[in-house]
Amino acid sequence: MIEGPEGAGKSTLVRWLAGQLRAEGHHVTTVREPGGTPIAEAARKLALKSRHDRAFGAELFLFLAARADLVERVIRPALENGQVVIADRFGLSTLAYQVAGRGLPRADVEAALRVATGGLSPDLTLILDVPVTVGRERQRTAGKVKDRIEREDDTFHARVREAYRSAFGPGIAHIDASQSKKAVQDAAWREVAAITALSMRGA
Ligand code: T5A
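Taking our numbering, I'd label the letters of the sequence shown as residues 80 to 282.
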């Protein structure tokens, strides 16, 4: 999974990694959250584009509804088919944005997350780290129209960034994404190569 704050370069890296892995003969499915099925795309629209005010709990369940449908209809079938799945955002986004950003209670969100994913967790999570101002400037330069969450102020986005920076655990690696694209790709590839070697040894 590729995670990180706004404009960190996640989509750029997902495209590059998918190309590299395909060139090595892997079958690769890429997904972007929220989205990827009709229900998940509808939830994306409500979560990010709707003008209607909503409770933070309602926002949480829109992201989780999108994830539940994506996991069941796209991610699990692809994994069962032996494919490599690369996701642009997954569960850590919910912990960063809805727990650290919105202030929802962590234990409750984690429990709901387990329902949405059916307990599925990534082998490898690459967290791309950039200062908030750098990420926002990249989005601006790319001409991105701000969605509901991107319109939140810098303190919200600083909490999100900090949540990512303090995420640790098995299979989580941090990459300084303020480096050049090439340096980010090299760092990511080292992590992917390490996990691929492990799985080939049956770990
Ligand atoms: N959300 C999502 C939640 O609140 N909870 C959840 O559970 C989930 C799943 C999704 C929003 O939903 C929220 C978080 C988000 O606010 P989105 O539209 O899908 O929103 O947007 P993001 O995921 O934030 O993606 P962005 O497109 O904004 O950022 P990326 O994908 O990190 O960045 P990318 O690759 O598009 O790059 C942006 C620009 O920077 C350049 C690229 O060429 C591009 O122009 N770039 C670099 N420039 C210099 N150096 C590098 N190393 C660069 N890498 C990329």
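In this text, a Cβ means the ideal position worked out from N, Cα and C, and glycines have one as well.
On a CA-only basis, which of the options is nearest residue i? Give me that one, please.
| i | options | result |
| --- | --- | --- |
| L174 | I254, P249, H106, E241 | E241 |
| L100 | A122, V164, A190, D226 | V164 |
| A145 | G114, R155, L127, E151 | G114 |
| L199 | R230, L183, P156, R238 | P156 |
| Y176 | L149, L141, N160, L203 | L141 |
| A246 | L149, P117, T204 | T204 |
| A119 | G104, E216, E151 | E151 |
| A126 | E138, R244, D233, E189 | E138 |
| L149 | F135, R168, R133 | R168 |
| I154 | E112, D132, S129 | E112 |
| L143 | G170, R130, K124 | G170 |
| R133 | G104, A87, R181 | R181 |
Quick one: what's got a C-beta closer than 6 Å to residue i's C-beta in the same chain, skipping five residues either side?
| i | result |
| --- | --- |
| T109 | V93, A97, I165 |
| A266 | I254 |
Please return the same chain residues whose Cβ sits closer than 7 Å to the Cβ of residue i, not counting the five positions on each side in sequence.
| i | result |
| --- | --- |
| R280 | Any answer about R280 is weak, because its pLDDT of 49 lies below 50 and its placement is not dependable; what the coordinates show is given next. Correct list: empty, nothing qualifies. |
| L158 | V164 |
| V107 | A97, L100, R101, Q162, V163, I165 |
| G214 | P84, E85, G86, A87 |
Going by beta carbon distance, what residues of the same chain come within less than 8 Å of residue i, once the five residues before and after it are set aside?
| i | result |
| --- | --- |
| A282 | Any reading at A282 must be qualified, since the residue scores a pLDDT of 39, below 50, and its modelled position is unreliable; the value itself is stated next. Counting only Cβ-Cβ distances below 8 Å, and skipping sequence neighbours, we find nothing. |
| A179 | R238, V239, E241, A242 |
With three or more C-beta pairs closer than 8 Å as the rule, is the stretch 245–254 touching the stretch 222–237?
no
Report the start-end ranges of each alpha helix (DSSP H) in the stretch 133–168 that is 4 residues or longer and not cut off at the edges.
135–149, 155–159
Do the stretch 81–88 and the stretch 197–208 make contact, defined as three or more Cβ pairs closer than 8 Å?
yes
Counting only runs that start and end within the stretch 87–142, where is the alpha helix (DSSP H) found for 4 or more residues in a row?
89–102, 117–123
Fully enclosed by the stretch 211–270, which alpha helix (DSSP H) runs are 4 residues long or longer?
211–220, 233–244
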